[in-house]
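Colleague: Handing you this structure, nothing more for now.
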Amino acid sequence: MLDPAKGYINTLPITPAPPPGMLLADHFGASFGYHVRRPHGTRDWLITYTLAGEGRYHLDGQSHLCRAGDIFILEPGAPHDYATGEAAAYWEFYWAHFTPRPHWVHWLHLPALAPGLLAQRISAPALRQRIEQTFVRLLQDSQGIGIWQDELSANALEEILILVAQQHERTKSHPLDPRIEAVLSLLNQRFRERLTVAELAQMVALSPSRLAHLFREQVGSSLMEVALNLRLRQAARLLEFTSLSVGEIAREVGFQSQFYFSRQFKIYYGRNPTDYRRQVQSPVATSPNGGAR
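Position 37, counted from 1, in the sequence shown is what the working numbering calls 37; the numbers after and before it change by one each time, with no gaps.
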């Protein structure tokens with residue numbers, strides 16, 4: 001792995017920052033080699049939400065990894081660089097540059113990983129889905145043309161910031177048990193496998209009944225519901241960004257039956273896989289010439 005301490009980062013070209021005052025957002029993915037370096041930071045705020053893979057932020061001499069479900073926020077003026085994590089080989093995320101409205105500042109009191117870098121983990125599948133759907137709305141509104149588009153964009157970003165702030169307040173008073181964090185991480189990494197409650201319980205040294213009870217108590221859903229939702233969310237990304245058939249996608253995400261996959265997908269997303277692909281790949285839903293900042 002490339003060692004930032006050896007001066008490699010300082011040899012990379014400086015990435016221009018967008019002008020402050022505009023709300024810019026997009027959906028982006030890149031393999032290892034993608035890198036942004038800003039030794040003087042930016043004049044606005046930058047939020048990223050990782051969908052898949054792994055990103056690496058380097059600030060104040062330390063590296064911090066972000067994985068699916070992680071919100072990272074860079075404050076103005078914070079020297080930084082971020083890149084696709086080498087081990088993951090790919091990083092997919094939403095991003096938005098913004099200048100907070102005065103009443104937003106209260107929602108930006110989040111844990112700091114380093115000076116100028118705020119972070120919040122989003123674990124609950126239902127909350128992840130809502131944040132992802134709101135980012136989709138943010139992208140559509142920020143790239144649309146028409147009256148009140150700026151207000152619609154700001155409303156979507158405001159909703160995201162409130163949801164993240166709510167999650168922070170919840171975790172302050174009710175932090176996740178480390179064993180539940182470990183199980184969530186395993187489910188994210190091995191979602192294709194048909195892991196049983198007994199297998200997961202053995203990995204975290206709990207009885208199956210105790211794990212099932214503790215997981216539902218802390219996450220709000222059962223283990224099998226979360227595992228199913230992770231497969232469906234990955235399937236949605238494959239429908240949007242690949243040309244794989246519905247049957248191929250079903251097998252790729254761990255379903256043995258295409259019929260069962262399609263039925264569960266419609267329950268979760270409100271439309272069957274073919275209709276979902278048609279919608280997300282339509283010109284209205286696709287970001288024109290999207291990229292990362």
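Glycine included, every Cβ here is placed at the ideal spot set by N, Cα and C. From a predicted model like this one, the values you see are computed outputs, not experimental measurements.
Below 8 Å, how does it come out for the region 258-266 and the region 213-227: are there three or more Cβ pairs, yes or no?
Modeller: Too few Cβ pairs lie closer than 8 Å, so no.
Colleague: Considering Cα atoms alone, identify which of GLU158, ALA212, THR242 and THR42 is closest to VAL183.
Modeller: Per the Cα distances, ALA212.
Colleague: Beta-carbon within less than 7 Å of ARG130's beta-carbon, same chain only, minus the 5 sequence neighbours each way: which residues are those?
Modeller: So the qualifying residues of the chain are LEU163.
Colleague: Would VAL318 and ARG179 qualify as a contact pair, given that the criterion is a beta-carbon distance under 8 Å?
Modeller: No answer is possible for residue 318: the residues shown for the chain start at 1 and end at 293.
Colleague: Taking Cβ positions, are LEU239 and ARG192 nearer each other than 8 Å?
Modeller: No, these two residues do not count as a Cβ contact at 8 Å.
Colleague: Measure the CB-CB distance between GLU86 and PHE135 and report whether it falls below 8 Å.
Modeller: Not a contact, by the Cβ cut-off of 8 Å.
Colleague: Using 8 Å as the threshold, is the region 19-37 in touch with the region 60-67, meaning 3 or more CB pairs across them?
Modeller: Cβ pair count under 8 Å is below three, so no.
Colleague: What's the C-alpha gap between ALA156 and ARG137?
Modeller: Looking at the two C-alpha atoms, the distance is approximately 7 Å.
Colleague: If we count the other Cβ atoms within 10 Å of its Cβ and call it buried at 16 or more, is PHE215 buried or exposed?
Modeller: Its Cβ being crowded by 16 or more others within 10 Å, PHE215 is buried.
Colleague: With respect to the alpha helix (DSSP H) encompassing ILE267, which residues constitute its N-terminal and C-terminal limits?
Modeller: It spans 258-269 - the alpha helix (DSSP H) in which ILE267 sits, taken as one unbroken run.
Colleague: Helix, strand or coil for ILE249 per DSSP?
Modeller: DSSP places ILE249 in helix when its eight states are reduced to three.
Colleague: Expressed to the nearest angstrom, what Euclidean distance is found between the alpha-carbon atoms of HIS40 and TYR57?
Modeller: Computed Cα separation, rounded: 15 Å.
Colleague: In angstroms with no decimal places, state the Cα-to-Cα distance between LEU345 and PRO79.
Modeller: Because the chain here runs from 1 to 293, residue 345 falls outside it and cannot be looked at.
Colleague: Thinking LEU139 and ASP26 are a contact (beta carbons under 8 Å), I'd like their distance in whole angstroms, please.
Modeller: At roughly 6 Å, the Cβ-Cβ gap stays under 8 Å, so LEU139 and ASP26 are in contact.
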